[in-house]
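Inspection log for the structure reproduced underneath, given as structure tokens.
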Amino acid sequence: MEWQDVQSLGNKMLFLSHGASLLVEAVKEGMANKIYFPNFHGENGVFYSLDTGKYHSIVGNYSSTTPFNFVEQVSSTCTWIEAIYDDDHTTTGVFQDW
11 MEWQDVQSLG NKMLFLSHGA SLLVEAVKEG MANKIYFPNF HGENGVFYSL
61 DTGKYHSIVG NYSSTTPFNF VEQVSSTCTW IEAIYDDDHT TTGVFQDW
């Protein structure tokens, strides 16, 4: 097995933490091709965009090419919760922790 450089996730989103990871199809426009972390810049969650090659805050206008001043404000046993969309467009939560 060897590492491969990935330039794009296509229409997928990758969620990473110490205890779990999850790769899913983007459910909303603008969420694809991004890597989400349980880290914060100030009080805002952050993600890495493969389109821009930068880290961005979910709220606000923070962006940087390096993960400087990030704080992991959640437990190292983070659990990602995936919304499941039914035919009538309602959602139910499913725990993703393995």
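Each residue of the sequence shown is one higher than the last, beginning at 11 in my numbering. Quick reminder that beta carbons are idealized off the backbone N, C-alpha and C, glycines included.
Between the Cα of Gly40 and those of Glu12, His66 and Ser27, spot the shortest distance and give me the residue it belongs to.
For Gly40, the nearest C-alpha among the options comes from His66.
I'd like the ranges of any beta strand (DSSP E) spanning at least 3 consecutive residues and lying wholly in the region 17 to 88.
Runs of the beta strand (DSSP E) inside the region 17 to 88: 22 to 26, 31 to 35, 44 to 51, 54 to 59 and 64 to 67.
Among the candidates Ala36, Met11, Gln14 and Leu19, whose CA atom is the shortest distance from the CA of Gly63?
Ranking Ala36, Met11, Gln14 and Leu19 by Cα distance to Gly63 puts Leu19 first.
State yes or no: is the C-beta of Phe80 within less than 7 Å of the C-beta of Asn54?
Contact flag unset, no.
Do the CB positions of Phe57 and Lys44 come within less than 7 Å of each other?
It is a contact, given that the beta carbons lie within the stated cut-off.
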